[in-house]
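What follows is a single structure, written as structure tokens, with notes after it.
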Amino acid sequence: MFDTSHPMLRPLWVRLLICTLCLSWAGVELHLGNDTWAMIFGGLGAYCVYLLLIVYVPTADETDNDLDKQP
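Here it is in structure tokens:
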């Protein structure tokens, strides 16, 4: 469903922002009494946390570039 090797998802702050926005919106929907939308965005947020934070593996060229930057 998601292409976790996309260059946009390399920085950690982008992945954290996506997860935070989904889970925060679930909280907003829950506060407003929209249980269905809260469950949808909560599930999406949990899925994003799983894919983007727990099982995320950097691509080979990303790890190679990090080694080149060392003095």
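If you count by this note's numbering, then the sequence shown holds residues 2 to 72, one letter each, in order. Where is the CB? At the ideal position from N, CA and C, for every residue including glycine.
Quick one: Cα of residue i to Cα of residue j, how far?
i          : j          : result
residue 42 : residue 32 : 13 Å
residue 1  : residue 36 : Residue 1 is absent from the structure shown; the chain starts at 2 and stops at 72.
residue 48 : residue 23 : 10 Å
residue 53 : residue 60 : 13 Å
residue 5  : residue 46 : 15 Å
residue 9  : residue 19 : 11 Å
residue 29 : residue 13 : 24 Å
residue 34 : residue 2  : 29 Å
residue 50 : residue 7  : 16 Å
residue 17 : residue 40 : 20 Å
Apply the 10 Å Cβ neighbour rule to residue i and answer buried if 16 or more other Cβ atoms are within range, or exposed otherwise.
i          : result
residue 55 : exposed
Using a Cβ-Cβ cutoff of less than 7 Å, which residues in the same chain neighbour residue i once the five nearest sequence positions on both sides are dropped?
i          : result
residue 73 : The requested residue 73 is not part of the displayed model; the chain covers only 2 to 72.
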